[in-house]
Every structure is written in C-alpha cells, then in structure tokens.
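A.B. asks: Mapping to the UniProt record's numbering: the sequence shown position 7 is 7, numbers consecutive. Even for Gly, the Cβ is constructed at its ideal location relative to N, Cα and C. Small disclaimer: the values here were computed from a predicted structure and weren't measured. One structure, as structure tokens, below. Some questions next.
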Amino acid sequence: MVPLYINLPGSSRLVCLEFDSQPSVAFVKSRVHDLADIPLEEQRILTFGGLPLDEDYVIESNNTHPTTLKVQVALAGGKGGFGSMLRAQGGRMSSKKTTNYDSCRDLSGTRLKTIKAAKRIADYAELEEQREREKNERINRKIEEALKERPVKKIRFDDPEFLQESQDLIEEVKSAVSEVMKSKKKGDTKDKGKEKEQVVPKQSAKLSMWDEFSDMSSDEEDVEASSSSSSAS
C-alpha cells in the first residue's frame, strides 16, 4: 500500500489516503471527492510547498517517505472590481508607509533608537572642546567690546525758530536785569544825598553846643581871675 497525506481546505489536520500503486493527480481528486464531496472541477492539488500539479502527474510516495499534498478550492472570478479595490488599497497603504524604524533591532538585538542615541552622545563629546573654545571666544569678545571707549554721540539741534525764540528771551532777560540795576543805582545815589543832608545839621548842632560850653568855661575863668585879683589887693 502507498500512503499519501492530504490537507483538506478549512482543516489543519492531515488525512491519510492509501493506494494500491503510485496514484495520479486525477485519481487523488476522485478520492477527495468521495471523502469531502468537493467537485472535481473546483479542486486544485498542490504540493505542501504550494506548487500546483497537473492531473496527469504521478505522485511518488512510499512508507518511508510519504508525500503530503494540499487541496484548495478554486473560486469563481469576477469583473476585476475586487482586484482594483485591493490595488487602490495597497497604494494608500504604501503612501502611509512609516519611515520610523527606531523600534527595530539590528543583528545583535540592539534597538536602532539606542544605537542612534549612542552615536549622538559620541558626536556631542567629540565637539565639546570646540564648543568650549567658541564659548571662551564669545566671552572675550564681549569683554573687549565693553572695554572699548565708545565714541561720544554728537547731536545737532537744528531748529531756527526755537533758537530765535531762545535768543530773544535771553535778550529780554538781560535788558530787564540791566534796567533793574540802573534803577537800583539811582535809588542808592538819592539815598546817599539824603543821608549827607541829615548828617550836616547834626554836626552844626554839635559844634554850637561845643561853642556854648567853651563860652561858659571862658566866663568861669574870667570870674576866677577877677576874684583872685581882688583878694590880692
């Protein structure tokens, strides 16, 4: 007996069929029809690897190395609408294809995200000296700019009307001050004249009093002289 294992559609189990000699594909189809009631014209006999077989093909099998076949059912074709829908769906899926493979692993089992992070750290460490040098240069430039003497900004004020008004105002102030000073001088001279007039009578009064006193003293001297002369006689 020649054993032959058949995998029927919709089942994961293998069915063992026995034949008197090496069967052909057509004979296997007839046995499958008797076993599973699948029409002959709808059966497709394939090898276990998926290779289709013709009906005239003779299957070689033995007890030591039994052959395993797969039975598939042919489906009626349509107008191609389903196929075009699948193609359109495939195009949309391909347009949304991701480009982020960080979660994938390399041959050693390390995630690509970890490898990229290690590479970034290595690059950062290599450029650390350059960054430090650039930082020091920036600081030195700032210090030099701060130590430089900044030129004095010259602002030119050009407003003729304002300048003329300022000049007129200054002239008015000057004239007012000069008039005040002149009036003050005139007042001082008048006050000095009045003071002189008041001082002169006082001096004359004093002199007259002195003259009277001198006259009184001279009279007393005359009296004393006459009294002395009378006593001597």
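1. Using only alpha-carbon positions, find the residue among Gly50, Val180, Val177 and Leu46 that is nearest to Tyr57.
2. Ordered along the chain, which non-local residues of its own chain (more than five positions away) have a Cβ less than 8 Å from that of Glu18?
3. Applying the criterion that 16 or more other CB atoms from any shown protein chain within 10 Å of the CB defines a buried residue, is Lys153 buried or exposed?
4. Just to confirm before moving on: does the CB-CB distance between Leu40 and Lys29 stay below 7 Å?
5. So Arg44 and Ala76 are in contact, right, with Cβ under 8 Å, and what is the actual spacing, rounded?
6. Please classify Tyr57: does DSSP put it in a helix, a strand, or coil?
7. Can you tell me whether Lys184 is buried or exposed, with buried defined as 16 or more other CB within 10 angstroms of its CB?
8. Scan the UniProt domain "Ubiquitin-like" (2-78) and note each continuous alpha helix (DSSP H) run of 4 residues or more that stays entirely inside, going in chain order.
9. Using a 10 Å radius around the Cβ and a threshold of 16 neighbouring Cβ atoms, would you call Pro23 buried or exposed?
10. Count the other CB atoms, across all protein chains shown, that sit within 10 Å of the CB of Leu163; report buried if there are 16 or more and exposed otherwise.
11. Would you list the one or two residues that DSSP bridges to Arg111?
12. Mapping the DSSP letters down to three states, classify Val173 as helix, strand or coil.
13. Measuring only the C-alpha atoms, how far is Asn7 from Gln72?
14. Going straight from the alpha carbon of Lys135 to that of Glu129, what length do you get?
C.D. replies: Straight from the coordinates:
1. Here the question's residue 57 lines up with position 57 in the sequence shown. Comparing Cα positions, the closest option is Leu46.
2. Your numbering for residue 18 matches position 18 in the sequence shown. Here Glu18 has Met1, Val2, Pro3 and Leu4 as same chain residues with Cβ atoms under 8 Å from its own Cβ, once five neighbours each way along the sequence are excluded.
3. Mapped onto the sequence shown, residue 153 falls at position 153. By the Cβ neighbour-count rule, Lys153 is exposed, with fewer than 16 other Cβ atoms within 10 Å of its own.
4. Here residue 40 is taken as the residue at index 40 of the sequence shown, counted from 1. Here residue 29 is taken as the residue at index 29 of the sequence shown, counted from 1. Result yes, Cβ atoms of Leu40 and Lys29 sit closer than 7 Å.
5. As a position in the sequence shown, residue 44 is number 44, starting the count at 1. As a position in the sequence shown, residue 76 is number 76, starting the count at 1. Contact doesn't hold; Cβ gap of about 13 Å is too wide.
6. Residue 57 sits at position 57 when you count from the first residue of the sequence shown. Tyr57: coil per DSSP, three-state reduction.
7. Against the sequence shown, residue 184 aligns to sequence position 184. The residue is exposed, with fewer than 16 neighbouring Cβ atoms inside 10 Å.
8. Segments of the alpha helix (DSSP H) lying fully in the UniProt domain "Ubiquitin-like" (2-78): 25-36.
9. Within the sequence shown, residue 23 is the residue found at index 23, counting from 1. Label assigned to Pro23: buried.
10. Here the question's residue 163 lines up with position 163 in the sequence shown. Label assigned to Leu163: exposed.
11. The sequence position of residue 111 within the sequence shown is 111, counting from 1. Per the DSSP secondary-structure output, Arg111 pairs in a beta bridge with Arg105.
12. In the sequence shown, counting from the first residue as 1, residue 173 sits at position 173. The three-state reading of DSSP puts Val173 in helix, counting H, G and I together.
13. What you label residue 7 is simply residue 7 of the sequence shown in a count that begins at 1. What you label residue 72 is simply residue 72 of the sequence shown in a count that begins at 1. For Asn7 and Gln72, the distance between alpha carbons rounds to 9 Å.
14. Position 135 of the sequence shown, counted from the start, is the residue given in the question as residue 135. Position 129 of the sequence shown, counted from the start, is the residue given in the question as residue 129. Distance between the alpha carbons of Lys135 and Glu129 is about 10 Å.
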